[in-house]
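Colleague:
Residue numbers (my numbering): 660 to 843.
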């Protein structure tokens with residue numbers, strides 16, 4: 660019960676932080692992220708590891724992830740993609756994969772000099788492609804126009820490429836870990 664109360668308090672604080680940040684004409688999402696960092700297990704520990712590892716917490720997260728997936732999927736209308744053409748698809752894939760490769764290489768080089776396993780560099784590359792908050796920002800500020808009409812399908816596609824890169828990387832790392840050899 661105490662864990663549930665801590666979680667409700669964390670949600671309330673995050674909501675308030677989002678409102679405060681939005682008063683500064685910034686996306687609420689930024690306030691939620693700041694609250695998450697401050698309340699998490701590596702700062703104030705209100706959202707402790709015990710709470711984060713709770714089974715009910717994981718079930719609720721899965722439901723929320725489905726909601727985000729539906730939101731992104733509803734914006735990824737193939738008619739829009741066809742309208743914007745091949746250039747949008749190519750640009751999105753190249754910038755996503757380019758970001759993944761660049762971040763992975765930079766972190767791998769840094770980790771190599773520090774004797775940290777190289778696979779972590781590739782995990783960081785996958786994390787760099789975390790789903791873009793563009794859709795929530797567009798909805799919050801009710802933006803419209805040619806940039807928004809291009810951004811929305813691009814952000815949705817970017818999220819798809821990011822998920823593919825991230826989970827492919829994680830699968831590869833887990834496969835290597837199961838052999839007991841993580842050094843590439």
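The C-beta atom is built at its ideal place from N, Cα and C for all residues, glycine as well.
No experiment lies behind these values; they were computed from the predicted model shown.
Does the beta-carbon distance from residue 667 to residue 705 come in below 8 angstroms?
Modeller: Residue mapping note: residue 667 aligns to position 8 of the chain shown, counting from 1. Residue mapping note: residue 705 aligns to position 46 of the chain shown, counting from 1. Cβ atoms of residue 667 and residue 705: not closer than 8 angstroms.
Colleague: What residue range is occupied by the uninterrupted alpha helix (DSSP H) comprising residue 690?
Modeller: Start at 1 with the first residue of the chain shown, and residue 690 comes out as number 31. From DSSP, the alpha helix (DSSP H) with residue 690 extends over 687-698.
Colleague: Quick one: grab the DSSP three-state call for residue 825.
Modeller: Here residue 825 refers to the residue found at position 166 of the chain shown. Three-state DSSP puts residue 825 in a helix.
Colleague: Quick one: is residue 805 buried, meaning 16 or more other Cβ sit within 10 Å of its Cβ, or exposed?
Modeller: Position 146 of the chain shown holds residue 805. When all chains shown are included, residue 805 counts as exposed.
Colleague: Residues in its own chain within less than 6 angstroms of residue 841 by CB, not counting five upstream and five downstream?
Modeller: The residue you call residue 841 lines up with position 182 of the chain shown. Because the pLDDT at residue 841 is just 49, under 50, the model does not fix this residue reliably, and the value given afterwards should be weighed accordingly. Only 776, 778, 835 meet the Cβ criterion.
Colleague: Taking residue 788 as part of the alpha helix (DSSP H), name the residues at either end of that continuous run.
Modeller: The residue given as residue 788 occupies position 129 in the chain shown. Residue 788 -> no alpha helix (DSSP H), and no H or E assigned at all.
Colleague: Measure the alpha-carbon distance for residue 724 versus residue 768 and round it to whole angstroms.
Modeller: Start at 1 with the first residue of the chain shown, and residue 724 comes out as number 65. Start at 1 with the first residue of the chain shown, and residue 768 comes out as number 109. For residue 724 and residue 768, the distance between alpha carbons rounds to 33 angstroms.
Colleague: Specify the secondary structure class of residue 803 as computed by DSSP and reduced to three states.
Modeller: Taking the chain shown and counting its residues from 1, one reaches residue 803 at position 144. Coil at residue 803, not helix or strand.
Colleague: Between the Cα of residue 788 and the Cα atoms of 833, 694, 718, 763, which residue gives the shortest distance?
Modeller: Counted from its first residue, the chain shown places residue 788 at position 129. Of 833, 694, 718, 763, the residue nearest in Cα terms is 763.
Colleague: So residue 751 packs on residue 816, CB below 8 angstroms; how close in whole Å?
Modeller: In the chain shown, the residue the question calls residue 751 occupies position 92. In the chain shown, the residue the question calls residue 816 occupies position 157. That pair is a contact at about 4 angstroms.
Colleague: So, is residue 785 buried or exposed, given that buried needs 16 or more other C-beta atoms within 10 angstroms?
Modeller: Along the chain shown, one-based indexing puts residue 785 at 126. Buried, because 16 or more other Cβ atoms sit within 10 Å of the Cβ of residue 785.
Colleague: To the nearest angstrom, how far is the alpha carbon of residue 715 from that of residue 760?
Modeller: Numbered from its first residue, the chain shown carries residue 715 at position 56. Numbered from its first residue, the chain shown carries residue 760 at position 101. Cα to Cα, the separation comes out at about 36 angstroms.
Colleague: Are residue 680 and residue 698 closer than 8 angstroms when you measure CB to CB?
Modeller: Residue numbering aside, residue 680 sits at position 21 when the chain shown is read from its first letter. Residue numbering aside, residue 698 sits at position 39 when the chain shown is read from its first letter. No, these two residues do not count as a Cβ contact at 8 angstroms.
Colleague: Measure the C-alpha to C-alpha separation of residue 832 and residue 780 and round it to an integer number of angstroms.
Modeller: For the purposes of this step, residue 832 is taken as residue 173 along the chain shown, with counting starting at 1. For the purposes of this step, residue 780 is taken as residue 121 along the chain shown, with counting starting at 1. Those two C-alpha atoms are separated by around 11 angstroms.
Colleague: When burial is assigned at 16 or more other CB atoms within 10 Å of the CB, is residue 773 buried or exposed?
Modeller: Looking up residue 773 in the chain shown gives position 114. Exposed: under 16 other Cβ atoms inside 10 Å.
Colleague: Leaving out five residues on either side along the sequence, give the residues of the same chain with a beta carbon under 8 angstroms from the beta carbon of residue 770.
Modeller: Taking the first residue of the chain shown as 1, we reach residue 770 at position 111. Closer than 8 angstroms at the Cβ level, and outside the excluded window around residue 770, lie 776, 777, 779, 780.
Colleague: Could you tell me which of 721, 810, 758, 694 sits nearest to residue 825, measuring between CA atoms?
Modeller: What you label residue 825 is simply residue 166 of the chain shown in a count that begins at 1. Of the candidates 721, 810, 758, 694, the one whose C-alpha sits nearest the C-alpha of residue 825 is 758.
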